[in-house]
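Inspection log for the structure reproduced underneath, given as structure tokens.
Protein chains: 4
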Amino acid sequence: MASPRKIAAQVKDADLVTERRAHIAKAAARVFRERGFHNATIRDVAVEAGLSQGSLYNYVRSKDDILYLVHQDLTSGYAREVEAAIAGLTEPRARLRAALTAFVRAMRERHGDIALIYQETHALEPDSKRAVLAQTQSFIDFFARLIEEARGAGMRLPGAGPLAADITTFLPVMLALRRWRLRDLAPGEAAEAEVVGFLLRGLGADDEA
Amino acid sequence: MASPRKIAAQVKDADLVTERRAHIAKAAARVFRERGFHNATIRDVAVEAGLSQGSLYNYVRSKDDILYLVHQDLTSGYAREVEAAIAGLTEPRARLRAALTAFVRAMRERHGDIALIYQETHALEPDSKRAVLAQTQSFIDFFARLIEEARGAGMRLPGAGPLAADITTFLPVMLALRRWRLRDLAPGEAAEAEVVGFLLRGLGADDEA
Amino acid sequence: MASPRKIAAQVKDADLVTERRAHIAKAAARVFRERGFHNATIRDVAVEAGLSQGSLYNYVRSKDDILYLVHQDLTSGYAREVEAAIAGLTEPRARLRAALTAFVRAMRERHGDIALIYQETHALEPDSKRAVLAQTQSFIDFFARLIEEARGAGMRLPGAGPLAADITTFLPVMLALRRWRLRDLAPGEAAEAEVVGFLLRGLGADDEA
Amino acid sequence: MASPRKIAAQVKDADLVTERRAHIAKAAARVFRERGFHNATIRDVAVEAGLSQGSLYNYVRSKDDILYLVHQDLTSGYAREVEAAIAGLTEPRARLRAALTAFVRAMRERHGDIALIYQETHALEPDSKRAVLAQTQSFIDFFARLIEEARGAGMRLPGAGPLAADITTFLPVMLALRRWRLRDLAPGEAAEAEVVGFLLRGLGADDEA
DNA sequence: CATGAATGAGTATTCATTCAT
DNA sequence: CATGAATGAATACTCATTCAT
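Protein chains in written order, with the numbering used here: chain A, 2 to 210; chain B, 2 to 210; chain C, 2 to 210; chain D, 2 to 210.
This is the structure:
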């Protein structure tokens, strides 16, 4: 989905590039979560990835590339989880519920990554930012389709207006961005359940007791 | 409310300090919105504020102080708007609705400032961050009280769980953080209405047609 | 003695100028001893002197002026002590011994000031430095005269060569500059006695048991 | 001897680090002698060393590190000279005399470096200062041993009290710190001889004509 | 004479990026 | 492909000095 921005590489071996970039993305995410993007240095990332600074630059062109890599990795990470959660399901209403549940869970479990995304997306260069937002857009659209299909299958969702998919994909983010509060307020699973319930009620799903 | 962190000043005239700091906060907010906190230089801020760099440092001790000033200014800004919106109202249910509406509107109208807050809070030094989060906490608690009072006045809010105030104060932020999407998706007022409606339904308020 | 450099003042009242400058010199010496000349700020000095920065500049033209003032004050301070010690004495040999003893004592008691002088003289502007060194020169010459007169009175000082006065006025400085060592090595008075004895032996004074 | 403070480096090649640091120390000493430590800029040092500022910081962590490097270099410099002067000698009395002569000569010949040390040691950060003073302490102890051994070999030194080694290692410093006077007062070698003679007399060495 | 706010020139330090080996 | 030394541009912060009130 969307059109991922291409990253030029020095190295020819395509498989090696893919593998190393995945590795770099994981390492960089750890470093960025720890110190923040701006305070983290390329050296930090290289050390964490077990590469020399020079080698790093064989797989990546700039610090912005690294941040972009991290974004791609994290975004596609939770998107894949949601997709996996509905992989075996065919009934549209069940698919919507399962997707919602999986998404909410991902937001809570990957709170560090999600917070990172929300804090540092604005630090991306214009091109990278555009690509990342396009990916997010795709994910929202994916949810919009799930909602449409559930409705097509007879689910009553009178509350689902034009922003339904946006709301659905935004409210759960609270579990990551308000973690400083929620941690002490409600056990994780209860918080997840409350958010799911709130969303379904907001959409007008009447069969949610 | 909360305990604002104190900022030391070189200048003794307290009124002058207050006035200039307000001025600096406004100027800095403009600069930070434009370039982001990390890319903005102190010189940028000074120029925008119409001060010399040296003078700036007579009212502020560090770049962090400036970011903190901006946070304080923006946070108390929308908080004041919400308070003003319910100032004349005594009926608890009306107060809740008015507060919600005012808050949602503030989130949309001040989208730039809100986005700034959500992007740069993590850049604050620990002490400043603590102070800012305490202020946010106060605001959430304020909403929690509004909900409690509405309920006490007989409003049926079966959907309001432990996270009710959090959800209520978080979802509207979407109007700021997803502006890149919503701008082209729905006219502002419609978006506001949809969010308010969604929240009330989520809370279980049944008298919302 | 020597030609003290003149310092221009804004203020006309000559007595006030003299009085305030003495006050400033004392305050500045305290500050410089504490933080060192370069790390101390004019503000520090003003605060310590109980003046505003603006007022300070009515009595002094620059930071260098202050350092010069301090030097003058400290140098003439110990010089006066030595002169006082021989004021009532007329016998040349007794005068030399008394001067020596007083000087050695001053070096130990005023160790902080002496260290300050030796550390910061090089920070003076050329003109100020010249004036300060001229003052020191006068003091050495004064000791040279004492030695000459003692010899004229029949004292045998076969060891007193061209550098006699220099050595006599330099070695005691050790009590200030090596304080970090001597403090734990010998009680103050013993150290003084040892230095005096060493000097007399070095000069060849044979009647020093 | 003593425990030299460790300096962290960005560069891994240990030999390169050693070599470059020696080079930097020499260059910095020239710059500091010329302008003084506080007035000299890192840029001055880098230019004098033929390095870019960035490279300089690959071998050194701060301006204080550079000053420390200079101190180490200069201190071990004259210490080595003194050791070399007695390297071939075994007779304790001859060793003491040779050491003294060599030290006095070093003080006069390296007057600029010695003055630098005495002027700027106080500018070192606490840790660096401690390390430097420990090194000086070692040197004084070394002289104390020479004196003890000479005495053990039968040399009569009735004037050598607890401060003997301190005095011996301090008085010659005069040739550096009073250079502004002595330059015009006595030819270099004569001054050296007079100081050596004075010291031996002060120690009570009777076989010094 | 006193005050203290304003100023701007000055500087140590960091770090993304390059490139010779 | 890997390495790591070299680089220089960029920037927050300080402080002596001035001057309007």
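For glycine and all other residues, C-beta sits at the position ideal for the given N, C-alpha and C.
- Separation of L186/D and A166/C (C-alpha to C-alpha, rounded to the nearest whole angstrom) is 12 Å.
- The C-beta separation of T137/D from T76/D comes to about 7 Å, placing the pair in contact by the 8 Å criterion.
- Residue range K64 to A86 is occupied by the alpha helix (DSSP H) that includes Q73/A.
- Residues of the stretch 149-177 of chain B with a C-beta less than 7 Å from any C-beta of chain A: G160, G162, P163, L164, D167, I168, F171, L172 and M175, listed in chain order.
- Using a Cβ-Cβ cut-off of 8 Å, H39/B is close to H39 and A124 of chain A, given in chain order.
- DSSP places Q11/B in the coil class of the three-state scheme, outside both helix and strand.
- Contact between the stretch 96-110 of chain B and the stretch 193-206 of chain B is present: 3 or more CB-CB pairs across the two stretches fall below 8 Å.
- Between the stretch 117-132 of chain A and the stretch 46-56 of chain A, the count of Cβ pairs shorter than 8 Å is below three; the stretches do not touch.
- The residue among G78/D, R21/D, L183/D and I141/D with its C-alpha nearest the C-alpha of S53/D is R21/D.
- Secondary structure at A116/D: helix, using DSSP grouped into helix, strand and coil.
- Of the candidates L183/D, L70/D and A132/D, the residue whose Cα lies closest to the Cα of E110/D is L183/D.
- Contact with chain D is absent for R94/C, since none of that chain's Cβ atoms lies less than 8 Å from the residue's Cβ.
- Within a 10 Å sphere around the beta-carbon of L17/D sit fewer than 16 other beta-carbons, which makes this residue exposed.
- Around the C-beta of A85/B, fewer than 16 other C-beta atoms lie within 10 Å, and the residue is accordingly described as exposed.
- With a cutoff of 8 Å on beta-carbon distance, I118/C and D66/C are scored as not near each other.
- Along the length of the stretch 135-183 of chain A, whole alpha helix (DSSP H) runs at least 4 residues long occupy 165-171, 175-178 and 180-183, reported in chain order.
- For D45/A, the enclosing alpha helix (DSSP H) starts and ends at I43 to A50.
- The straight-line gap separating the alpha-carbon atoms of R31/C and F38/C is approximately 10 Å.
- Neighbours of F144/A in chain B, taken as residues at a C-beta separation under 8 Å, are lacking, since the least C-beta distance is about 12 Å.
- When the Cα atoms are used, G155/C and E150/D turn out to be separated by approximately 38 Å.
- D207/C carries a coil assignment under DSSP once its states are collapsed to helix, strand and coil.
- Along the stretch 179-197 of chain C, going in chain order, the ones with a CB nearer than 8 Å to a CB of chain D are R179, W181, R182, L183, L186, A187, A191, A192, E195 and V196.
- Within the stretch 111-135 of chain C, the residues whose Cβ lies closer than 7 Å to some Cβ of chain D are Y119, Q120, H123, A124 and L134, listed in chain order.
- Taking each of L57/B, R152/B and R44/B in turn and checking the Cα distance to D207/B, the smallest one comes out for R152/B.
- In the three-state DSSP reduction, T91/B falls in the coil class, being neither helix nor strand.
- Secondary structure at A30/B: helix, using DSSP grouped into helix, strand and coil.
- Residue contact check for R109/D against chain C: no CB pair falls below 8 Å.
- Within the same chain, Cβ atoms closer than 7 Å to the Cβ of I115/B are found at M108, V174 and A177, the five residues on either side in sequence being excluded.
- Collapsing the DSSP output to three states places G198/D in a helix.
- Contact between R34/D and G113/D is confirmed by a C-beta separation of about 5 Å, below the 8 Å threshold.
- Among the residues of chain B, those whose CB is under 7 Å from the CB of R202/A are G160, R202, G203 and G205, following chain order.
- In the three-state DSSP reduction, E126/B falls in the coil class, being neither helix nor strand.
- In chain order, G160, I168 and G203 make up the part of chain D whose C-beta sits under 7 Å from the C-beta of F199/C.
- Within the same chain, H72, K130, V133 and L134 come within 8 Å of T122/B by CB-CB distance, once the 5 residues on both sides are set aside.
- Proximity of Q138/A to chain B, defined by a Cβ-Cβ separation below 8 Å, is satisfied.
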